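Okay, so the sequence shown: first residue is 2 according to our numbering, each after it adds one. Cβ atoms here follow ideal geometry from the backbone N, Cα and C, with glycine treated the same way. Bear in mind that the values here come from a model prediction, so they are computed numbers and not experimental data. As structure tokens, the structure follows; a few thoughts come after it.
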Amino acid sequence: MIMNTKVGSVRNTWSGALIAIALLFSACTNSTESEETSLLLGSEENYVVEVLAKDLHDASTSTIKGQAETEETVLIDAENWIAITANFEEAGRYQVQVVAKNAAESSSLVWLEDYYDNPDDRNYDVTGKISFSNRDAFEVSGVDGSPFNKGKHNMKLHVSEGAVHIEKVIFTLMMPHSASEKILEQATSGETWTLVWSDEFDGDTIDESKWTYDFGDWGWGNNELQYYTASRSENARIEDGHLIIEARKDDFDKAWTSARLTTRGKVAFLYGKIEFKAKVPSLKGNWAAGWTLGNTYVDEKDWPYCGEIDILESVGYEVDNETGDGIAHATVHTPAYYFKINNQISSQKAIPNMASEFHTYAVEWTPTEIKMLVNDEVYYTYDKNANEKEWPFHIPQNIILNLAIGGGWGGSQGLDPEMTSQEFILDYVRVYEKR
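Here it is in structure tokens:
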């Protein structure tokens with residue numbers, strides 16, 4: 002049985018969700034089901050979808066399928082799965098909670114795969130690993146911020162370690178999806194780059210007419226470790242004319258917290274020059290980025306069809322902590338070339354004093370070509386535009402600024418054991434057109 006519950010108006014969840022994100026992180030650590038539900042739903046209105054494990058439509062073994070016909074819960078052990086279906090009336094960012102009891106001697110791990118029947122044979126991990134340790138009672142454990150589009154989702158709930166009795170999966174809307182309605186299209190055929198949009202970070206607080214926050218700890222498709230918070234000055238703030246994005250260890254009952262700012266829902270950009278002036282952190286395990294993601298992105302199935310332009314990426318293990326020297330990376334991701342199939346087209350450039358001094362990182366984007374620059378020097382060109390798979394960059398893009406910890410790239414050489422805080426510092430973000 003799929004239960005769709007709308008408690009009041011879904012659109013009224015914005016303030017409550019953001020308060021929970023900033024102050025409570027929705028307490029998505031292990032707890033009893035009643036405590037978890039009370040905390041999330043007690044004072045605000047939410048849209049909830051519940052899927053019972055016994056209503057599975059497939060499983061990795063006939064034994065598991067047989068349980069579903071006679072039992073209220075389903076026992077799954079390592080390397081096995083059940084297939085379930087969820088129908089969402091609202092697109093947005095959801096809290097995903099699994100109600101289960103551990104059946105192994107040590108902790109067990111589960112994760113949720115979305116769109117398992119996708120035509121590209123992609124693996125869409127939308128939760129990362131969720132841990133269960135209680136052998137005596139059912140507990141609720143999960144993550145915040147997982148993206149789901151409106152409609153039907155065929156999913157697999159996998160057990161990667163141990164064994165668990167699964168009762169159900171609960172999806173609770175935290176923030177409805179909002180694409181950018183305002184689109185700025187920049188001319189590219191003139192003589193001089195002229196400023197059309199910017200944030201100089203010269204106020205007292207982050208300008209929320211220009212930026213919103215992505216939030217959560219679902220791994221972000223890269224097995225990242227941080228919980229991105231919203232409107233929390235410890236993780237994102239203005240200081241001395243700069244935007245500071247700070248990752249903090251053992252913070253607010255999370256292993257790591259950080260921030261991810263985006264123009265999504267405010268303004269998207271089509272063509273022109275987008276430029277950051279930034280200083281990156283230097284310790285092993287961080288992953289700083291200034292980039293864009295297509296305005297058509299709602300959930301993981303939309304990537305890389307929406308297009309992605311990585312204007313600046315830096316991983317801490319490539320930055321010398323003494324000199325500050327590092328390496329800047331530039332990449333675009335398209336349906337034809339992207340990192341999940343390991344054929345992305347990238348370039349890199351050694352940057353002296355990358356962590357100790359500000360440098361400019363930019364993309365010059367026309368209807369037929371993308372160039373990346375560091376300190377006004379071109380070091381990357383992408384001009385494959387024969388078809389939609391090679392060139393999705395007619396789609397407006399939203400700017401994203403974030404600092405991740407760990408992940409498939411940033412954490413590939415581990416984390417510096419002395420690292421407790423890292424800062425990604427930006428002096429400005431500017432968008433130009435040619436006139």
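{"Asked": "Could you pull the start and end residues of the beta strand (DSSP E) that residue 240 belongs to?", "Found": "237-240"}
{"Asked": "How would you call residue 154, buried or exposed, if buried means at least 16 neighbouring beta carbons within 10 angstroms?", "Found": "buried"}
{"Asked": "Pair every Cβ in the stretch 405-420 with every Cβ in the stretch 384-392, then say whether three or more of these pairs are closer than 8 Å.", "Found": "no"}
{"Asked": "Taking just the CA atoms, how far does residue 46 sit from residue 210?", "Found": "25 Å"}
{"Asked": "Residue 349 and residue 272: beta carbons closer than 8 Å?", "Found": "no"}
{"Asked": "Which parts of the stretch 158-222 are runs of the beta strand (DSSP E), unbroken and 3 residues or longer, counting only runs that do not cross its ends?", "Found": "164-177, 184-186, 194-200, 213-215"}
{"Asked": "Which class does residue 54 belong to by DSSP, given the choice of helix, strand or coil?", "Found": "helix"}
{"Asked": "Whose CA, out of 431, 369, 65, lies closest to the CA of residue 399?", "Found": "431"}
{"Asked": "Check whether the stretch 178-197 and the stretch 265-281 touch, using three or more Cβ-Cβ pairs below 8 Å as the test.", "Found": "yes"}
{"Asked": "Once you ignore the five residues that flank residue 152 on each side, which residues in its own chain have a CB closer than 8 Å to its CB?", "Found": "88, 89"}
{"Asked": "Under a Cβ-count criterion, where at least 16 other Cβ atoms within 10 Å of its own Cβ denotes burial, should residue 436 be classed as buried or exposed?", "Found": "exposed"}
{"Asked": "Taking residue 245 as the reference, give the member of 202, 256, 53 with the closest Cα.", "Found": "202"}
{"Asked": "So what's residue 64 in DSSP terms, helix, strand or just coil?", "Found": "helix"}
{"Asked": "Count the other CB atoms within 10 Å of the CB of residue 353; is the residue buried (16 or more) or exposed (fewer)?", "Found": "exposed"}
{"Asked": "Which of the three DSSP states is assigned to residue 300 in this structure?", "Found": "coil"}
{"Asked": "Can you look up residue 309 in the DSSP assignment and give me helix, strand or coil?", "Found": "strand"}
{"Asked": "Who are the near neighbours of residue 112 in its chain, counting only those whose CB is closer than 7 Å to its CB and skipping five residues on each side?", "Found": "126, 128, 129, 130, 131, 159, 161"}
{"Asked": "Of the residues 212, 67, 86, which one's Cα is nearest the Cα of residue 116?", "Found": "86"}
{"Asked": "Could you pull the start and end residues of the beta strand (DSSP E) that residue 373 belongs to?", "Found": "371-375"}
{"Asked": "Residue range of the beta strand (DSSP E) that residue 148 falls in?", "Found": "140-149"}
{"Asked": "Can you list, in chain order, the residues of its chain with a C-beta nearer than 7 Å to that of residue 284? Leave out the 5 residues immediately preceding and following it.", "Found": "317, 322, 417, 420, 423"}
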